[in-house]
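Only one structure is covered here, and it is reproduced in the block below.
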Amino acid sequence: MISTLTSPRPMRRRPAIRPVPGLLCSLVSALLLSACGGSAPEDPPATPTSDTLGDTVRHLVLLNEAAVAGSDRMRQARTLAVPTAEDTPTARTAATVRALGQRLIAGTAEARIDAVLTHVAQGLIVEVPAARSAALTQQLLADPAVLSVALDLPIQAEVEPLSVESAAATLDTTVNQSVADLWGLDRIDQRKLPLNSTLVRRPALDGTGVTAYVIDSGVSNHVELQGRLGTGRGFDVSTSGTDCNGHGTHVAGTIAGKTTGVAPGARIVSLRVLGCKGSGYASSVLKALDWVLANGVRPAVVNLSLGIDGSLSWITDAVKRLTDAGFVVVVSAGNAQKPACQQSPASAPDALTVAASTYLDSRASYSNFGSCVDLFAPGSSIKGPAHPGSRAYIYKSGTSMASPHVAGAAALLLQRHPSMSARQVSAELIRQSTPDLITQAGTETPNRLLHISALHAVELPISTDLRLLPPTGTVSAQRQRGQLVRWQARITLAVHTPQGQPVAGVRMEGRYSHLDKRITCTTSAQGLCLLDTGTLPRTLASTTFAVSSLSHATMSWRPADPLAASLTLARP
21 MISTLTSPRP MRRRPAIRPV PGLLCSLVSA LLLSACGGSA PEDPPATPTS
71 DTLGDTVRHL VLLNEAAVAG SDRMRQARTL AVPTAEDTPT ARTAATVRAL
121 GQRLIAGTAE ARIDAVLTHV AQGLIVEVPA ARSAALTQQL LADPAVLSVA
171 LDLPIQAEVE PLSVESAAAT LDTTVNQSVA DLWGLDRIDQ RKLPLNSTLV
221 RRPALDGTGV TAYVIDSGVS NHVELQGRLG TGRGFDVSTS GTDCNGHGTH
271 VAGTIAGKTT GVAPGARIVS LRVLGCKGSG YASSVLKALD WVLANGVRPA
321 VVNLSLGIDG SLSWITDAVK RLTDAGFVVV VSAGNAQKPA CQQSPASAPD
371 ALTVAASTYL DSRASYSNFG SCVDLFAPGS SIKGPAHPGS RAYIYKSGTS
421 MASPHVAGAA ALLLQRHPSM SARQVSAELI RQSTPDLITQ AGTETPNRLL
471 HISALHAVEL PISTDLRLLP PTGTVSAQRQ RGQLVRWQAR ITLAVHTPQG
521 QPVAGVRMEG RYSHLDKRIT CTTSAQGLCL LDTGTLPRTL ASTTFAVSSL
571 SHATMSWRPA DPLAASLTLA RP
């Protein structure tokens, strides 16, 4: 069956979030794995103490981007060196944010910058002794360069594994899984019950070429993921992506396990934000999202089987930026038996939010619900890889287990159509889902169950045109005693699809008017080329860069307006 993308994604109705007084207006009040049940924790105290937060606390500091840009221009004007290969816009922005942060915390004893964010936001994660937290907060908020300050709070998450036989934590070392063990995979490849005990596997559609970024407790080197586990990173106490809890390994197995996964050909990259006991920090999640936006390779899906109690704008904005950049962000709805709109990232409009269903096609009793849910997927008694043990398996329940089913389905669709935008992928998965099957779905919850058997037949009116965005440029000068000695310029070129998707691997050719030679550049994963003039003499009044050609393996460029492919930069 051939289908096209004609149906827009349904609009969500988001309830108003009541503001919280004082410092906690943008505060992360809890970070928990969605696989744990029970009610949300009580609100944390507004004033940090060593009893609740330890001797050191972290602050999330959102900066005014105009202030950052102004500081960056000042730094460039002061520099005397010609830019090097390492002197990228990202590196300069990071250095500017860090320098601005050092100014902001000056005078506060023992305060230090834990990390800088430059992609999902321009901000800082600042660590300070708890006794000096309140004073630092007042100091930061008094500076016009600061937009907001939030406290970064840890929370403990409990993950309870459940087996079909209700024998919790029982491990199974049978590598060859039976279809009965994998009821979730069996359910999403057919429209209605009863299960037919047959898995629809298409060798040519297994997620090959797609990367799944698992932001979780880490991923172990399990036999299910052998040969497809990329180099991970840690953003908590560990700098590696290795699992010591088991939650992330199970999630990765549902996305891309050889026998337990929806997309058994996809590549997994572990980004660890939760520790061995399932505890984590909002700052770790933000650092991981920032890393994906800076370094991620598309086509890709990002899975977040975790939740932050309350609607946190930092997370919502980060999800939007990732989605705009082409990353499909799939998140769990949460396990608090309440509206998913009351959690982040489940409440993010650009996330694909997944609630959990049972093998009887009912909403799982623990699952969140409501208008922020996009899809249901199997989440109860899901068998997947266990930790420890490279050949062990375990059953787990939670919306954490539902989300990776959808992430795997997104990987299948991206393999077939790598140029699809993230929003197109979400819209198509919703359109392909089976309606009106889930009983007790919950008030205002879209009643749609994930279905994948027709994804191989999806056809799109895919454009093969490359779009060159209007070039942008910056200039800097070297002066002595107020007189211009020399100057330099840098031009940034961006290449997108007509749908706004950045295109990597485009070879660009062009010339600067002051140079008698051709310049070439290949676009990065962000679709960007950066071209420096080198040092220019003060006698040169201006230089113009003109693009002569763009070439790509499967796409072509037909410039509609030659003037749009050039930019003149004047001597400062």
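Start counting the sequence shown at 21; every next residue gets the next number (my numbering).
Just so you know, even glycine gets a beta-carbon here, dropped at the ideal spot from N, CA and C.
Distance check for residue j and residue i, CA to CA, integer angstroms please.
i    : j    : result
R221 : I288 : 19 Å
S441 : Q521 : 6 Å
V317 : I511 : 24 Å
S586 : P490 : 8 Å
V77  : L171 : 8 Å
R383 : V136 : 40 Å
R253 : V239 : 10 Å
K307 : F255 : 7 Å
P369 : G530 : 40 Å
A545 : F347 : 12 Å
G502 : G143 : 34 Å
G250 : S290 : 7 Å
Q159 : G330 : 26 Å
P181 : A406 : Only weak support is given to the placement of P181: the predicted model assigns it a pLDDT of 40, under 50, and the question is left unresolved by the model.
D310 : E479 : 32 Å
C549 : C541 : 6 Å
A114 : L124 : 15 Å
V526 : D381 : 46 Å
P424 : H139 : 25 Å
A302 : L535 : 49 Å
T69  : R152 : Low confidence applies here, because T69 scores a pLDDT of 40, under 50, leaving its location unreliable and the question unanswered by this model.
V426 : A366 : 14 Å
L51  : Q210 : Because the pLDDT of L51 is 39, which lies under 50, any placement of that residue in the model is unreliable, and the question is left without a value.
V179 : N265 : In this prediction, V179 scores a pLDDT of 42, lower than 50, which makes its location untrustworthy; the coordinate-derived value is nonetheless stated afterwards. Whole-angstrom Cα-Cα distance: 9 Å.
L332 : G298 : 20 Å
T517 : H572 : 12 Å
T543 : Q357 : 46 Å
A86  : T563 : 27 Å
L100 : A119 : At L100, the pLDDT of 43 sits below 50, so the modelled position is not reliable; the number obtained from the coordinates is stated separately. Rounded to the nearest angstrom, the two C-alpha atoms are 18 Å apart.
V374 : I208 : 14 Å
T588 : S533 : 9 Å
R591 : S568 : 24 Å
N355 : T463 : 16 Å
Q623 : N241 : Residue 623 lies beyond the range of the chain shown here (21 to 592); nothing can be said about it.
A89  : L83  : 11 Å
S385 : A461 : 10 Å
I235 : T454 : 28 Å
Below 8 Å on the Cβ atoms is my contact criterion, and I expect residue i with residue j to pass it. Report the Cβ-Cβ distance as a whole number of Å.
i    : j    : result
Q362 : I328 : Not a contact, Cβ separation roughly 10 Å.
L219 : L202 : 7 Å
G285 : T274 : Their Cβ separation, rounded to whole angstroms, is 14 Å, which puts G285 and T274 out of contact at 8 Å.
T555 : R506 : 5 Å
L245 : G277 : 7 Å
G399 : T465 : The pair is not a contact, with the Cβ atoms about 14 Å apart (cut-off 8 Å).
A509 : V523 : Actually they do not touch by this definition, with Cβ atoms about 25 Å apart.
V515 : R538 : In fact, because the Cβ distance is near 18 Å, the residues do not count as touching under 8 Å.
Would you mind stating whether residue i and residue j have Cβ atoms separated by less than 8 Å?
i    : j    : result
V350 : N323 : yes
S420 : V271 : yes
S352 : A422 : yes
L156 : T128 : yes
L475 : L432 : yes
S325 : I458 : no
V230 : P319 : yes
I450 : D485 : no
V321 : A371 : no
A141 : D337 : yes
Per DSSP, which one or two residues make a beta bridge with residue i?
i    : result
A509 : V495
P557 : R506
F396 : A375, L469
A170 : L80
D552 : R510
Q363 : D329
L589 : T563
P522 : H516
Q246 : Q246 is not bridged to any residue.
M528 : C541, L570
L147 : In the sequence as displayed, the identity of residue 147 is Glu instead of Leu. Partner(s): R78, R132.
Q500 : Q503
P389 : According to the sequence as given, residue 389 is Phe; it is not Pro. Looking at the DSSP assignment, F389 forms a beta bridge with P359.
D236 : R292
A320 : T231
R222 : L225
S352 : V374
Residue ranges of each alpha helix (DSSP H) within the segment 454-498, 4 or longer: Note on the segment 454-498: there is no whole alpha helix (DSSP H) run with a minimum of 4 residues.
Ranges of the alpha helix (DSSP H) found wholly within the segment 242-294, counting only runs of at least 4: Runs of the alpha helix (DSSP H) inside the segment 242-294: 267-276.
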